[in-house]
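Q: The following block contains the structure, expressed as structure tokens.
In the numbering used here, the protein residues as written are 51 to 583.
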């Protein structure tokens, strides 16, 4: 690893790409997002990047490049040879340096000879292009797939991504797609935004996915299960450190967004606002806190002047006599622990991640009758019947095998999660729960094993048991129950081509919440991606 880092020479820094690393599977070697995020987890858990924030996604390309540059620098100054035994990280670092070689060059790190920093304007008309096809025995919604579903029979389509960077302050990203199936065909913009960055503050306007929290298969407030939100987002372009107390709190990020939901719902054009604070007080610990609030919508509408109160005041909207002011508040806190080299303690892995998220969407209310305690109880203290949680463990280098990983995750929501007496359809957009697919009063038991059999070949196995509830208020139908799993194969060939193939089989009870609609669902899908870099 020292040889790899030594080859990365330093030079003057210029502007770098600030578009986001997508929360979409581009070419496999991951399942619900770009494989860059999986490689970052390996690198950061091993301690190569010190205190890093990974659980407020998406990350920008330059932000990832800085993490990689920090790892390179740490290896170059490892005079004691502490990382000489971590040869398992060499291919991980190689992949990241190859993916972000232009951004690293812009930061003054030259991991590959002949790579030059980008100019004032850099434009990639087609970064990656993808064609996809599949066959399903029944229609169903895919999990954490940006709101995508499959119809019964043949499915297909194609997409590509394009990005442009002007200086260090203006970024453009587009990902249009065409969807084909036996019922209809459609062309749409899946993701697209413009981002302005000044003084480490970024303003994003457009359509993009958010995944806040450490969960892989489950996210209780914001995830990429539903379609990307049409939003205005303001936040930290990169982590910052506060003066005086920053050395104890560590790097921090804050975000605030306002999104408008679709017209075809019980409250047309309802608004969704969210805010998040995350920090890393130690290299092994990341903490986060999230709040989301749904409000407004036609019939009747909330005056624009009251938006700040609806967004920032948790007590706003408690009076049912004023329906235009009603709000649906969700709160959550999350934490992740990262332990490296735990095999020396006879644990069955090289590194381990432990993480959890605690969530509630209603408060204790009148359980404290007066004073400051009443304010916090009414607006922040969880009501026991509304809480939910996610817990997970991620073993990296399982049984001492550098190529083998395993994840185990459990999620649970309450009978009051994601539903509301005012917003009848619940915490939902375009047919999908905005956060966790298990919906109201749901359960999920998930396991995944992934084996990197060679640098260009990976095999994955999923096992999942889910109980899914409908988010509609006072829904009287049954829960949908799923038990099944899948196999997926990722393969890179001819340097620029990536193939992802997956087979899913699911035993379904009460399909789409219809009592007695049971059976086996099968899905075969294939994605072929080409990089044009």
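Where is the CB? At the ideal position from N, CA and C, for every residue including glycine.
Just to confirm before moving on: does the CB-CB distance between residue 572 and residue 187 stay below 8 Å?
A: yes
Q: Considering only the beta carbon of each residue, do residue 500 and residue 455 sit closer than 8 Å?
A: yes
Q: Buried or exposed, going by whether 16 or more other CB atoms sit within 10 Å of the CB of residue 448?
A: Counting Cβ neighbours within 10 Å, residue 448 comes out buried, since at least 16 surround it.
Q: Taking 8 Å as the threshold (C-beta atoms), are residue 195 and residue 150 in contact?
A: no
Q: For residue 213, tell me which candidate among 164, 241, 141, 165 has the shortest Cα-Cα distance.
A: Comparing alpha carbon positions, the residue from 164, 241, 141, 165 closest to residue 213 is 241.
Q: Cα-Cα, which of 350, 305, 198, 81 is closest to residue 252?
A: 305
Q: Would you grab the beta carbon distance between residue 250 and residue 287 for me? Rounded to a whole angstrom, and I think it's under 8 Å.
A: 5 Å
Q: Within 10 Å of its beta-carbon, does residue 566 have 16 or more other beta-carbons around it, so buried, or fewer, so exposed?
A: exposed
Q: Unbroken alpha helix (DSSP H) runs of length 4 or more, entirely within the segment 61–141: which are they?
A: 85–95, 111–126
Q: Of the residues 547, 569, 562, 559, which one's Cα is nearest the Cα of residue 582?
A: 547
Q: Is residue 295 near the ligand GDP, judged by its Cβ being under 7 Å from some heavy atom?
A: Within the structure as shown, the ligand GDP is missing, as the structure has no ligands at all.
Q: Determine the extent of the alpha helix (DSSP H) in which residue 361 is found, giving its start and end residues.
A: 357–362
Q: Cα separation between residue 341 and residue 563?
A: 29 Å
Q: Hey, out of 533, 409, 530, 553, whose CA is closest to residue 539's CA?
A: 553
Q: Going by CA-CA distance only, name the one from 446, 467, 453 that's closest to residue 433.
A: Among 446, 467, 453, the Cα nearest to that of residue 433 is on 467.
Q: Looking at the secondary structure, which residues open and close the beta strand (DSSP E) in which residue 165 lies?
A: Taken as a continuous stretch (DSSP letters only), residue 165 belongs to no beta strand (DSSP E), as it is neither H nor E.
Q: If you run the structure through DSSP and keep just helix, strand and coil, what is residue 521?
A: coil
Q: Leaving aside the five residues before and after residue 308 along the sequence, list all residues of the same chain whose C-beta is less than 6 Å from its C-beta, in chain order.
A: 282, 323
Q: In chain order, what residues of the same chain lie with their CB nearer than 8 Å to the CB of residue 184, ignoring the 5 residues before and after it?
A: Correct list, in chain order: 200, 204, 205, 206, 573, 574, 575, 576.
Q: Select from 443, 171, 179, 513 the residue whose C-alpha is nearest the C-alpha of residue 228.
A: It is 179 whose Cα lies nearest to the Cα of residue 228.
Q: Just list the residues that DSSP pairs residue 229 with in beta bridges.
A: 207, 236
Q: Could you pull the DSSP bridge partners for residue 533 from this structure?
A: 515, 557
Q: Would you grab the beta carbon distance between residue 461 and residue 494 for me? Rounded to a whole angstrom, and I think it's under 8 Å.
A: Between residue 494 and residue 461 the Cβ distance is about 4 Å, and since that is below 8 Å, they are a contact.
Q: Look at the alpha carbon of residue 568 and the alpha carbon of residue 557, and state the distance between them as a whole number of angstroms.
A: 8 Å
Q: Helix, strand or coil: which one does DSSP assign to residue 297?
A: Here residue 297 sits in helix by DSSP.
Q: Tell me the residue span of the beta strand (DSSP E) that contains residue 380.
A: 377–389
Q: Less than 8 Å between CB atoms is the rule here; does residue 95 satisfy it with respect to chain B?
A: Among the chains in the structure shown there is no chain B, since it carries only a single protein chain.
Q: Just verifying my parser: in three-state terms, what is the DSSP assignment at residue 151?
A: helix
Q: Kindly indicate which three-state DSSP category residue 288 falls into: helix, strand or coil?
A: In the structure shown, residue 288 sits in coil (DSSP, three-state: anything other than H, G, I, E or B).
Q: Between residue 56 and the rest of its own chain, which residues show a CB-CB distance below 7 Å, the 5 nearest in sequence each way excluded?
A: Note that residue 56 has pLDDT 35, beneath the 50 cutoff, so the model's placement of it is unreliable and no number is given.
Q: What residues in its chain sit with their C-beta under 6 Å from that of residue 510, if we drop five residues either side in the sequence?
A: 500, 538
Q: Grouping DSSP H, G and I as helix and E and B as strand, with all else coil, what is residue 407?
A: Strand at residue 407.
Q: Is the separation between the beta-carbon of residue 332 and that of residue 101 shorter than 8 Å?
A: yes
Q: For the beta strand (DSSP E) that residue 336 lies in, which residues bound it at each end?
A: Going by DSSP, residue 336 is part of the beta strand (DSSP E) stretching over 335–345.
Q: Which parts of the segment 449–497 are runs of the alpha helix (DSSP H), unbroken and 4 residues or longer, counting only runs that do not cross its ends?
A: none
Q: Between residue 62 and the rest of its own chain, which residues show a CB-CB distance below 7 Å, the 5 nearest in sequence each way excluded?
A: In this predicted model, residue 62 has a pLDDT of only 38, less than 50, meaning its place in the structure is not dependable; the value taken from the coordinates is given anyway. Here the set comprises 158.
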